[in-house]
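In what follows, a structure is listed as structure tokens, so that the remarks can point back to it.
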Amino acid sequence: MSKIVIIGGVAAGPKVAARARRLMPDAEITIIERGRLISYAGCGMPFYVGGQIKDFDQLFSTSYGVIRDEHYFMNEKGVKVLTRTEARAIDRQKKEVTVTNLDTGETCTIPYDKLVLATGSSPVVPPIPGLDLKGVHRLNHPDDARQIVETLEGVSEAVIVGAGLIGMEAMEALLKRKIFVSVVELKEQILPGVLDPDLAAVLAYRLEEEGVEFHLGKKVLRLEGDEEGRVSRVVTDGGALDAQMVIVAVGVRPNVELARAAGLTIGETGAIAVNEYLQTSDPDIYAVGDCVENLHMVSGRKVYIPLASTANRQGRVAGDNVAGRKSKFKGVLGTSVLKVLGWNVGRTGLGEQQARELGYDVITAINATHDRTHYYPGHDNLLIKLVVDKKSRKLLGAQAIGGGDAIKRIDVVATALHFGATADDLFDVDLGYAPPFSTPIDAIQHGANIVRNKVDGLARTITARELKEKLERGDDFILLDVRTPEQFNYRHIEDDRVMLVTLGDLRRRIDEIPRDKEIVTLCALGVRAYEAMRTLSGAGFKDVKFLEGGLQGWPYELE
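Numbering (the working numbering), first residue to last: 1 to 559.
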């Protein structure tokens with residue numbers, strides 16, 4: 001009888017066990033988990049904190065209402081689970097794992113034929129004085145979530161340290177509890193591992209309109225408490241913030257101590273190195289989930305991007321392989337999505353700066369659009385960015401934000417990236433259309449067309465940041481707003497260089513526009529501005545650009 005031992009019982013480990021059991025009905029399968037909770041929905045924790053999930057046990061339940069505990073795994077899966085049991089050492093020669101029961105102190109060894117490491121990750125603990133004060137939390141474990149909920153009473157001001165995925169989800173959860181939230185981030189933007197600075201700036205601006213306060217590019221120096229030892233202030237290099245609760249969310253690092261002690265190879269990212277079969281440097285030991293590094297399918301580089309989706313997919317692959325199959329895990333694209341204050345946010349593949357650093361000749365396109373036809377009730381805005389290699393026209397990555405269905409578009413690009421598609425291929429994909437779902441040419445395909453127009457020299461653009469810098473420098477140019485007077489009066493850029501000429505009047509009034517100056521056209525989404533740019537270019541104007549993304553992608557104040 002084959003003996004399969006899995007160290008780690010949260011996401012990837014139980015997935016390995018479930019798949020291996022289906023393939024090997026007679027195998028002896030054991031999961032070792034040092035915690036008391038197993039197979040929990042870590043991604044659901046912010047929603048419990050925010051109150052959308054009322055029952056804590058839902059984080060551990062199947063879709064049919066059975067709690068995923070030791071009894072569940074034994075009764076339904078035939079898998080033995082040892083909770084509150086820590087794996088202390090691996091003897092690769094004897095093929096044994098030494099474990100200790102954390103409640104009794106009893107130590108024993110468990111033999112294996114195949115061993116799977118699913119040891120996960122641990123939250124980074126920054127060197128900040130005051131982290132031991134009452135009211136300071138993390139959000140990496142269900143116990144963290146429950147403790148936060150139990151201590152919310154009387155909290156009216158909170159500070160989140162870190163504006164990554166967990167930090168932003170924690171921010172929304174507290175806002176749903178009617179708590180004023182400030183977010184401190186060391187980098188100059190929110191979601192630094194997800195969005196490029198341009199889209200991040202737009203999202204931050206919109207979230208601030210919802211009452212969030214961001215302190216970007218600021219370092220937390222210390223946490224201060226009151227006479228009862230409860231946190232009361234967060235002191236940064238940009239000033240102090242009052243806080244009755246602090247959630248620290250500055251990332252995670254892989255748990256590799258057990259693997260390192262066993263002599264397994266640790267990769268260049270600091271996570272466990274595995275091959276395409278998820279084998280470590282010992283062919284009888286596999287590793288999956290947040291403790292391993294992966295191959296990025298676009299860059300070809302090793303990366304550490306811990307995600308629940310990756311952990312679960314790897315669990316199935318490793319389950320195949322411990323059962324004697326030869327399944328491959330091809331790699332990752334870093335596809336990440338979240339919802340924050342009604343905004344859908346996603347990315348896949350490489351960001352613009354990443355691509356440039358890897359030596360690509362990068363061209364980008366920002367498409368401000370609607371997710372569905374404008375006449376269909378409930379349509380909403382999208383801002384989509386494509387990153388493309390100019391020479392080959394190959395897709396490198398995409399990002400999207402908006403109240404509309406951004407995630408569908410990210411998944412389409414992730415699929416295209418998986419198969420090495422170009423921007424031209426993306427336009428050629430036969431996507432479905434009906435007014436409740438999309439526009440006749442889908443938003444992501446419009447983005448592909450912007451790329452094609454830019455590569456072909458038909459579209460010349462300027463970014464929001466470049467235009468802002470031109471305005472601040474006092475450059476001599478014409479900012480030609482081609483919206484209707486009603487739209488202009490509602491909100492516009494206030495500047496003496498702004499000239500309002502509605503697109504429908506442009507040909508009739510074209511002689512009013514100076515030919516000896518640079519012209520930048522703008523509108524709400526960029527479509528009319530592009531039309532105006534082509535009209536002016538066709539009329540002999542030599543230096544015309546349009547504001548890419550229009551005012552929808554403008555992250556600055558408007559009059």
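Backbone N, C-alpha and C define an ideal beta-carbon position, used for all residues, glycine too.
If you follow the beta strand (DSSP E) that residue i is in, where does it begin and where does it stop?
{"i": "Y490", "result": "Note, Y490: premise wrong, no beta strand (DSSP E); alpha helix (DSSP H) at P485 to Y490."}
{"i": "D242", "result": "G239 to D242"}
{"i": "G315", "result": "No beta strand (DSSP E) contains G315, which is instead part of the alpha helix (DSSP H) from A308 to V322."}
{"i": "E562", "result": "The first residue shown for the chain is 1 and the last is 559, placing residue 562 beyond what the model contains."}
{"i": "E213", "result": "E213 to L216"}
{"i": "G447", "result": "Element bounds for G447: not the beta strand (DSSP E) but the alpha helix (DSSP H), A443 to V455."}
{"i": "G225", "result": "V220 to G225"}
{"i": "R560", "result": "In this structure the chain extends from 1 to 559, so residue 560 is not present and cannot be described."}
{"i": "P111", "result": "T107 to P111"}
{"i": "R88", "result": "T85 to D91"}
{"i": "T30", "result": "E28 to I32"}
{"i": "L117", "result": "K114 to L117"}
{"i": "N101", "result": "E96 to N101"}
{"i": "S182", "result": "F180 to E185"}
{"i": "E157", "result": "E157 to V161"}
{"i": "K326", "result": "First-last for K326: undefined, no H or E at that position."}
{"i": "P123", "result": "S121 to P123"}
{"i": "S336", "result": "S336 to V340"}
Is residue i near residue j, with beta carbons less than 8 Å apart?
{"i": "T83", "j": "E33", "result": "yes"}
{"i": "Q244", "j": "A158", "result": "yes"}
{"i": "G397", "j": "G346", "result": "no"}
{"i": "I272", "j": "C291", "result": "yes"}
{"i": "A400", "j": "R409", "result": "yes"}
{"i": "A532", "j": "F541", "result": "no"}
{"i": "G351", "j": "V387", "result": "yes"}
{"i": "T109", "j": "T98", "result": "yes"}
{"i": "I160", "j": "I247", "result": "yes"}
{"i": "A524", "j": "G550", "result": "yes"}
{"i": "D481", "j": "V498", "result": "yes"}
{"i": "L338", "j": "A414", "result": "no"}
{"i": "K517", "j": "D456", "result": "no"}
{"i": "T484", "j": "L506", "result": "no"}
{"i": "L522", "j": "L479", "result": "yes"}
{"i": "G324", "j": "E293", "result": "no"}
Considering only C-alpha positions, which residue in the set the options is nearest to residue i?
{"i": "I450", "options": "G526, L467 and R515", "result": "G526"}
{"i": "S232", "options": "A524, L426, G135 and I305", "result": "G135"}
{"i": "L258", "options": "R92, V498 and G342", "result": "R92"}
{"i": "V322", "options": "Y112, I38, V388 and T310", "result": "Y112"}
{"i": "I4", "options": "T119, H446 and A27", "result": "A27"}
{"i": "D320", "options": "V340, A539 and Y277", "result": "Y277"}
{"i": "F73", "options": "V16, Y376 and D405", "result": "V16"}
{"i": "Y40", "options": "C108, P25, G13 and R22", "result": "G13"}
{"i": "R452", "options": "N367, D242 and G331", "result": "N367"}
{"i": "L382", "options": "S438, Q354 and I363", "result": "S438"}
{"i": "Y48", "options": "R507, E293 and V149", "result": "V149"}
{"i": "T461", "options": "A262, P555 and V520", "result": "V520"}
{"i": "A529", "options": "P514, V412 and T463", "result": "T463"}
{"i": "G78", "options": "P127, G42 and A20", "result": "A20"}
{"i": "A572", "options": "I478, H374 and G300", "result": "The structure shown does not extend to residue 572, since the chain is modelled only from 1 through 559, so no value can be given for it."}
{"i": "D425", "options": "L152, Q445 and A365", "result": "Q445"}
{"i": "D380", "options": "P436, T62, T100 and E106", "result": "P436"}
{"i": "G193", "options": "R491, G162, L207 and K218", "result": "G162"}
{"i": "N101", "options": "V234, R36, L207 and A204", "result": "R36"}
{"i": "T373", "options": "I441, R393, T269 and L174", "result": "I441"}
{"i": "A249", "options": "I166, E228, L216 and Y556", "result": "I166"}
What distance in whole Å lies between the Cβ atoms of residue j and residue i, which are believed to be in contact at a cut-off of 8 Å?
{"i": "D371", "j": "A308", "result": "Wrong, their Cβ atoms sit about 25 Å apart, outside the cutoff."}
{"i": "M45", "j": "P142", "result": "6 Å"}
{"i": "G251", "j": "G164", "result": "6 Å"}
{"i": "D561", "j": "N344", "result": "The structure shown has nothing for residue 561, since the chain only spans 1 to 559."}
{"i": "V288", "j": "V116", "result": "6 Å"}
{"i": "L223", "j": "L131", "result": "7 Å"}
{"i": "I179", "j": "V212", "result": "Not a contact, Cβ separation roughly 11 Å."}
{"i": "L395", "j": "A421", "result": "5 Å"}
{"i": "G9", "j": "I38", "result": "4 Å"}
{"i": "I7", "j": "T119", "result": "6 Å"}
{"i": "V234", "j": "F214", "result": "Their Cβ separation, rounded to whole angstroms, is 14 Å, which puts V234 and F214 out of contact at 8 Å."}
With residue i as the anchor, note down where its alpha helix (DSSP H) starts and where it stops.
{"i": "D198", "result": "P197 to E209"}
{"i": "I305", "result": "From DSSP, I305 is part of no alpha helix (DSSP H); its letter is neither H nor E."}
{"i": "V49", "result": "M45 to G50"}
{"i": "P142", "result": "P142 to E150"}
{"i": "R19", "result": "A12 to L23"}
Given 7 Å as the limit, tell me if residue i has its C-beta closer than that to any heavy atom belonging to the ligand GTP.
{"i": "G432", "result": "Only the bare structure without any ligand can be found here, which leaves the ligand GTP out of the picture."}
Could you pull out every unbroken beta strand (DSSP E) segment of at least 3 residues lying fully inside the region 249 to 284, listed in chain order? 252 to 254
Complete alpha helix (DSSP H) runs within the region 346 to 424 (minimum length 4 residues, chain order): Uninterrupted alpha helix (DSSP H) stretches at least 4 residues long and entirely within the region 346 to 424 occur at 352 to 357 and 406 to 418, given in chain order.
Ordered list of beta strand (DSSP E) runs contained in the region 470 to 549, each at least 3 residues: 477 to 481, 498 to 500, 518 to 522 and 544 to 547
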